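Scroll down for the structure; my scribbles are underneath it.
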Amino acid sequence: MSAPSEPVPSLPVTQDRQFWVLMGYAVALGVFGAFAGLIFMGVIGFGGRWYGDSDPGWFGGQWWWVAVTAGAGVVVGVLRRVTRLPEEVPGLIADLKDGHIDPRLVPGVAAVSAVSLIGGASLGPEKALGSIGGGAGSWISQRRRLSQEDSQLNTFSGFGGAYGGLFSSTVIVVMFIMELARPGGPRFAKALVGTIVASSVSFGIYFAIAGAVFLDAYQVPQYAFEDWQLLAGIPLGLLAALVVTLLVVLVQGVSRLFELVKLPVVVRSTLGGVVFGVVGVALPLTMFTGSDQLKTVLDDPGTLGVGLLVVLVIAKQLTFAVSQASGFVGGPIFPALFIGGTAGVLVHEVLPAVPLGLAFTCLLAAVPGSLAAAPFSMVLLAAFLTQVGALQTAPILIAVVTAFLTMEAVKYLVARRKQAHAAAEKPATPN
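Sequential numbering from 6 applies to the sequence shown in the working numbering.
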């Protein structure tokens with residue numbers, strides 16, 4: 006009898022011709038993503054022109070803003086009909102997990118999102134940019150008839166190219182995509198290298214033209230690291246989980262309300278624009294993505310007061326929920342950063358013994374980190390945004406992991422309760 010043959014060892018991914026083809030696509034998607042990001046961010050910048058210099062206090066807005074937000078709602082509704090955008094557009098997280106974006110949806114998503122962000126909706130630009138970059142990757146894959154695995158990897162590279170300039174850090178972009186997409190097995194190495202190449206090319210072009218637009222955005226007072234701050238990360242993480250739970254409840258409740266009313270598309274988006282426009286007149290800091298508005302909150306929290314900070318956290322959640330439910334299109338990360346950062350400032354105002362930098366950075370990372378289930382990338386994002394020291398990142402990580410695990414535990418309990426309820430309602434089978 007002949008001895009069994011030894012299995013043929015698999016070659017490294019870099020010795021596969023298809024790997025280098027994907028790297029070529031990654032370079033192209035990085036170039037495309039950089040210019041797409043520059044154009045899109047330049048277009049939505051027009052929103053700040055009508056917003057102007059408003060008083061950040063109570064009723065610091067102008068009533069004519071409501072006409073602008075309502076008009077944006079009309080345009081959003083019309084664009085959704087013209088572009089045949091479905092009522093339920095897959096979210097950013099779903100897009101990354103699927104590793105595919107229908108290229109036919111990209112023009113509608115980009116147009117509606119641009120109008121949404123110019124019109125003051127409480128949403129972020131990451132959904133549209135991800136759809137543009139990821140959609141380009143999926144389109145190339147369809148044209149070149151790539152396999153399903155290579156198509157997903159190409160889509161991840163498209164996301165990397167779209168986000169390289171937006172987040173101004175290749176490290177954050179790669180970590181964010183890897184955490185949400187979670188490509189396993191042999192795909193991981195190719196996905197990792199592809200997103201690094203695409204995001205690096207994108208950032209290089211974006212930086213040469215516009216500079217680093219997102220790093221060191223929030224100046225927090227420096228504070229000395231002490232051991233007790235590690236323990237402080239736990240209650241701060243629990244607070245973040247509570248904030249995220251309230252946000253989820255508001256989103257589900259508002260969405261359910263709009264479903265029950267059953268309004269036509271244009272009427273629904275117009276009503277949504279009126280609602281967040283009125284809230285914006287009363288609380289101007291709830292408008293737009295929240296990126297610039299959070300700087301105002303951080304610069305002079307004492308002037309705003311504890312009461313206004315509490316209302317801002319809740320009102321921003323409400324306007325985000327209304328924007329999504331009424332048909333506006335955008336991402337959740339930037340609004341979540343505002344909600345978390347404002348909650349951190351609130352903690353410092355209530356408990357001055359907790360350093361502002363500690364409370365702000367922990368909540369800034371923990372709220373979006375537990376909402377999007379991307380804890381490590383949000384720790385990096387908070388560190389890059391505030392430029393806190395290396396030791397100061399330890400409490401941030403503890404806060405984010407605490408919030409993440411708490412939210413996952415809540416999801417587990419809710420799922421178990423639903424299973425038990427379904428089993429109780431299931432009719433017994435006769436013997």
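Where is the CB? At the ideal position from N, CA and C, for every residue including glycine. Computed from a prediction, not measured in an experiment: that's the story for all the values here.
Taking the beta carbon of residue i as the centre, do at least 16 other beta carbons fall within 10 Å, making it buried, or is it exposed?
| i | result |
| --- | --- |
| residue 105 | buried |
| residue 427 | exposed |
| residue 308 | exposed |
| residue 289 | buried |
| residue 224 | exposed |
| residue 64 | exposed |
| residue 166 | buried |
| residue 265 | exposed |
| residue 424 | exposed |
| residue 178 | buried |
| residue 22 | exposed |
| residue 418 | exposed |
| residue 132 | buried |
| residue 300 | exposed |
| residue 6 | Note that residue 6 scores 46 on pLDDT, short of 50, meaning its location in the model is unreliable; the coordinates nonetheless yield the value given after this. Exposed, since its Cβ has fewer than 16 Cβ neighbours within 10 Å. |
| residue 421 | exposed |
| residue 302 | buried |
Could you give the first and the last residue of the continuous alpha helix (DSSP H) run that contains residue i?
| i | result |
| --- | --- |
| residue 227 | From DSSP, residue 227 is part of no alpha helix (DSSP H); its letter is neither H nor E. |
| residue 273 | 270–287 |
| residue 339 | 338–355 |
| residue 422 | 398–430 |
| residue 381 | 380–391 |
| residue 55 | 52–56 |
| residue 5 | Here the chain comprises residues numbered 6 to 436, so residue 5 is not present and cannot be evaluated. |
| residue 150 | No alpha helix (DSSP H) holds residue 150; DSSP gives it neither H nor E. |
| residue 101 | 97–103 |
| residue 251 | 233–266 |
| residue 322 | 311–330 |
| residue 112 | 111–123 |
| residue 89 | It is not in any alpha helix (DSSP H) - residue 89 carries neither H nor E in the DSSP assignment. |
| residue 24 | 22–49 |
| residue 192 | 192–215 |
| residue 437 | Since the first and last residues shown for the chain are 6 and 436, residue 437 lies out of range. |
| residue 182 | 175–186 |
Please confirm whether residue i and residue j have their CB atoms less than 8 Å apart.
| i | j | result |
| --- | --- | --- |
| residue 352 | residue 241 | yes |
| residue 142 | residue 163 | yes |
| residue 259 | residue 326 | yes |
| residue 251 | residue 376 | no |
| residue 239 | residue 403 | yes |
| residue 205 | residue 170 | no |
| residue 324 | residue 127 | yes |
| residue 409 | residue 374 | yes |
| residue 275 | residue 78 | yes |
| residue 108 | residue 55 | no |
8 Å is my cut-off, CB to CB: does residue i come that close to chain C?
| i | result |
| --- | --- |
| residue 272 | No chain C is present in this structure, which holds just one protein chain. |
Which residues share a DSSP beta bridge with residue i?
| i | result |
| --- | --- |
| residue 129 | 336 |
**OP:** Inspect the CB distances between the segment 77–90 and the segment 111–124 and report whether three or more fall short of 8 Å.
**Re:** yes
Subject >> Cβ pair count under 8 Å reaching 3, the segment 44–51 against the segment 226–236 >> reply: no
Subject >> contact_flag[the segment 62–71, the segment 245–254] where n(CB pairs < 8 Å) is 3 or more >> reply: no
Original post:
Taking contact to mean at least 3 C-beta pairs separated by less than 8 Å, is the segment 331–348 in contact with the segment 356–368?
Top reply: yes
Original post:
Does the segment 92–101 come close enough to the segment 305–317 to have 3 or more Cβ pairs within less than 8 Å?
Top reply: no
Original post:
Pairing CB atoms from the segment 142–160 with CB atoms from the segment 26–40, are three or more of them under 8 Å?
Top reply: yes
Original post:
Are there three or more Cβ pairs, one per stretch, closer than 8 Å when the segment 329–336 is compared with the segment 259–274?
Top reply: yes
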